[in-house]
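Numbering (my numbering), first residue to last: 23 to 580.
Glycine included, each C-beta is placed from N, C-alpha and C at the ideal position.
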Ligand SMILES: Cc1ncc(C[n+]2csc(CCOP(=O)(O)OP(=O)(O)O)c2C)c(N)n1
Ligand SMILES: [Mg+2]
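As structure tokens, then:
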């Protein structure tokens with residue numbers, strides 16, 4: 023349905039009205055001459071905040087983080103090929119993370135296409151693998167309608183990225199229609215027979231395990247998930263980088279299925295005789311390289327619940343593949359009457375919980391070459407409020423967080439499943455903009471920080487007091503660790519020479535604190551959190567003990 027025609031409306035204005043009609047209230051951009059008409063249309067739309075970023079990778083990551091928090095499409099606006107290529111990392115991340123993202127790209131003029139003019143690119147083949155849909159619009163009268171379709175596709179089934187390419191001359195042409203209204207997003211309601219059969223399978227299993235993942239979002243969905251586990255008396259594990267969807271201290275919390283978790287934990291979980299996977303693709307990291315559950319045919323019964331028939335059966339041959347919205351499915355399970363308790367089941371729950379607690383118990387391994395990142399995480403664990411939002415970059419420093427931070431379902435962990443470096447700082451900026459009353463924290467390495475740490479300037483411009491905790495180990499530590507394990511003592515390409523991060527933070531106008539000793543950690547965290555503005559705590563951290571699980575020396579010996 024389109025609203026009243028207005029003869030003097032441009033295609034760009036109709037697009038802005040359409041975005042508005044879909045509840046879009048914020049767009050992240052780096053401006054370009056290829057979408058001046060769209061910028062001009064945003065000039066007169068006070069309901070949409072335009073956030074100007076310093077790099078399209080940052081803008082794209084902010085849109086992804088915003089979508090992760092709201093569950094609605096994040097919107098990123100970039101210029102032709104150079105801008106689009108910088109933003110490509112966010113399109114890929116949105117696909118791997120199943121996040122609804124709309125990437126709007128200005129395109130060269132229609133009459134010039136095909137001549138390989140300045141910054142020309144065909145986005146359909148370029149983004150064909152990563153995006154759910156790539157459309158280029160020639161007819162200005164179609165722009166609003168196609169934008170509505172793009173937003174629809176981004177949110178439907180398993181959410182993901184959509185790219186819309188708009189030739190610059192087309193945007194400024196007058197159109198007949200107005201805003202295109204949102205289409206209802208179809209929700210695959212659970213079939214009561216499926217819900218009953220899952221409950222029955224769990225009741226009859228000796229050692230069932232629930233694995234939940236990234237399609238469980240809101241506080242309400244998280245509460246339903248835990249209630250479902252309680253009702254069915256089934257231990258609950260969570261997928262890669264979704265450690266925050268359940269209270270990590272709960273007796274039913276069995277495991278965080280993160281990057282290379284300890285083998286004995288995997289072995290304990292693999293004793294399960296039934297796995298019910300809800301809202302997770304069971305990707306390679308979650309399944310420890312498709313080992314548990316074993317792909318394609320697991321050693322135990324597998325029930326897999328996803329909202330997309332093409333994803334069900336992509337890798338795993340489940341005994342029962344159920345097409346349903348995961349959040350609705352857990353709600354239906356949570357509404358079932360409580361299952362009978364058995365001593366055997368309670369022992370299974372306790373066995374997994376005991377091991378999980380043992381592995382999470384605080385440890386530090388004093389290193390000769392600096393602090394580990396552990397004390398910093400330990401300080402955050404008791405200083406951060408229960409509703410803190412924690413954005414993380416890629417890097418081995420994150421092992422300390424995943425091992426020792428007691429996530430609660432009220433926290434928000436923003437971390438790309440794609441493993442992309444550079445997400446951390448932009449993610450925290452977007453989170454702080456979206457939820458200004460909550461503390462927005464980022465954990466980042468010296469590698470990742472110099473990729474997108476420039477977005478601290480964006481935080482300052484928009485008054486977002488992000489708190490940056492930086493692990494400065496002088497290396498692309500993750501790669502060094504893998505390098506030593508594969509080619510011992512043949513170090514190449516992984517060392518870093520960094521600037522003085524304290525001076526750098528100060529240059530951005532942030533409170534910046536350097537930490538070199540263990541006794542400085544707690545007060546530095548307290549000062550950073552209490553400071554009204556942005557703050558950066560740079561920890562000179564150990565490279566030898568960069569991981570919470572191993573050392574470089576141990577890696578060499580493997
Ligand atoms: C954009 C991008 N480039 C490269 C990589 C490969 N990579 C993964 S972790 C890592 C090193 C990260 O270094 P740093 O941020 O210093 O964290 P550390 O591992 O030292 O803790 C690299 C290069 C990646 N994941 N993403
Ligand atoms: Mg590093």
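Residue 498 sits buried, since 16 or more C-beta atoms from the chains shown fall within 10 Å of its C-beta. Distance between residue 325 and residue 102, taken at the CA atoms: about 44 Å. 110 is the residue among 64, 110, 283 and 532 whose C-alpha sits nearest the C-alpha of residue 83. Set against 6 Å, the gap from the CB of residue 515 to the closest heavy atom of ligand 2 is not smaller. Per DSSP, residue 540 lies in no alpha helix (DSSP H) segment and is marked neither H nor E. Annotation for residue 222: the continuous alpha helix (DSSP H) segment containing it runs 214-226.
DSSP places residue 129 in the strand class (E or B) of the three-state scheme. Residue pairing by DSSP leaves residue 246 without any beta bridge partner. Where residue 175 is concerned, the enclosing alpha helix (DSSP H) starts and stops at 165-177. Within 6 Å of the C-beta of residue 468 there is at least one heavy atom belonging to ligand 2. Secondary structure at residue 275: strand, using DSSP grouped into helix, strand and coil. For ligand 1, no non-hydrogen atom lies closer than 6 Å to the CB of residue 504. Non-local beta-carbon contacts of residue 386 in its own chain, meaning distances under 7 Å to residues more than five positions away in sequence, involve 394, 396 and 397 in chain order. A residue is called buried when at least 16 other Cβ atoms come within 10 angstroms of its Cβ; residue 481 meets this threshold and is buried. Here the alpha carbons of residue 46 and residue 68 stand approximately 12 Å from one another. Taking 6 Å as the cut-off, the C-beta of residue 416 counts as close to a heavy atom of ligand 1.
At least one heavy atom of ligand 1 sits closer than 6 Å to the Cβ of residue 500. Under the three-state reduction of DSSP, residue 230 is assigned to strand. In the structure shown, residue 316 falls within a coil segment according to DSSP collapsed to helix, strand and coil. Here DSSP, grouped into helix, strand and coil, assigns residue 84 to helix.
One thing to note: residue 100 has its Cβ within 7 Å of the Cβ of residue 106. Secondary structure remark: continuous beta strand (DSSP E) runs of at least 3 residues inside the region 393-443, in chain order: 411-414 and 434-436. The secondary-structure analysis by DSSP pairs residue 494 across a beta bridge with 562. DSSP places residue 322 in the coil class of the three-state scheme, outside both helix and strand. Placement of the Cβ of residue 36 at a distance of 6 Å or more from every heavy atom of ligand 2 is found.
According to the DSSP secondary-structure assignment, residue 462 is paired through a beta bridge with 411.
The straight-line gap separating the alpha-carbon atoms of residue 278 and residue 233 is approximately 9 Å.
Residue range 155-158 is occupied by the beta strand (DSSP E) that includes residue 158. Taken through DSSP and simplified to helix, strand or coil, residue 259 comes out as strand.
When rounded, the separation of the alpha-carbon atoms in residue 180 and residue 171 is 15 Å. Going by beta carbons, residue 53 and residue 132 fall outside the 7 Å limit. Of the other Cβ atoms in all chains shown, 16 or more fall within 10 Å of the Cβ of residue 81; this residue is therefore buried. Nearest neighbour of residue 118 by Cα position, chosen from 442, 523 and 530, turns out to be 442.
Our two residues, residue 392 and residue 256, have alpha carbons roughly 42 Å apart in a direct line.
Residue 448 carries a helical assignment under DSSP once its states are collapsed to helix, strand and coil. When secondary structure is reduced to three states using DSSP, residue 162 falls in the helix class.
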